[in-house]
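Let me begin by presenting the structure, written as structure tokens, before commenting on it.
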Amino acid sequence: MLFSLAVGCGPSAPVVGQAQAGPIVVRVAASQLPLTAMADEQLSLSFVKENTVVDVNVSKVTVSMPDMAMQDVLPFHRDQSGEYQGNYRFSMSGDWQVEVTFSEGGKSYSARIPLHVS
């Protein structure tokens, strides 16, 4: 699997998945839809609490296929807007999940965001 840092999706990129982690909604956005296997996909993570993007400290991001024993740790970098940006090449179509471990306000959270790749 190939992964590298990306230029970024920007705030208007379509949300492809989200999950609740305590009081925070974790959103995964992509630069284009649908997500496609064997294409370099630009992804971004944002964290929303009470309709406001919040500053968090991301400690780990992984991507996996829940039905298979495959998982990658993804390097994401934080941009000036507070979003985390990364690039990933999904190796095959199917159901995937992004798992994000982060902290905010002294508390640790984890979220699993399901994604579908065509």
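Each residue of the sequence shown is one higher than the last, beginning at 3 in our numbering.
All C-beta atoms, glycine included, are put in the ideal place defined by N, C-alpha and C.
Quick caveat: nothing in here was measured; it's all calculated off a predicted structure.
Check	Outcome
Residue environment, GLN44, which counts as buried when at least 16 other CB atoms sit within 10 Å	buried
Selected residue, minimal CA-CA separation from THR103, among VAL75, SER93 and VAL18	VAL75
Residues that ASN59 bridges to, as DSSP identifies them	SER105
Identity of the residues DSSP links to ALA32 by a beta bridge	LEU45
Counted within 10 angstroms of its Cβ, other Cβ atoms place SER48 as buried (16 or more) or exposed	buried
Boundaries of the beta strand (DSSP E) in which ASP74 is found, first to last residue	72-75
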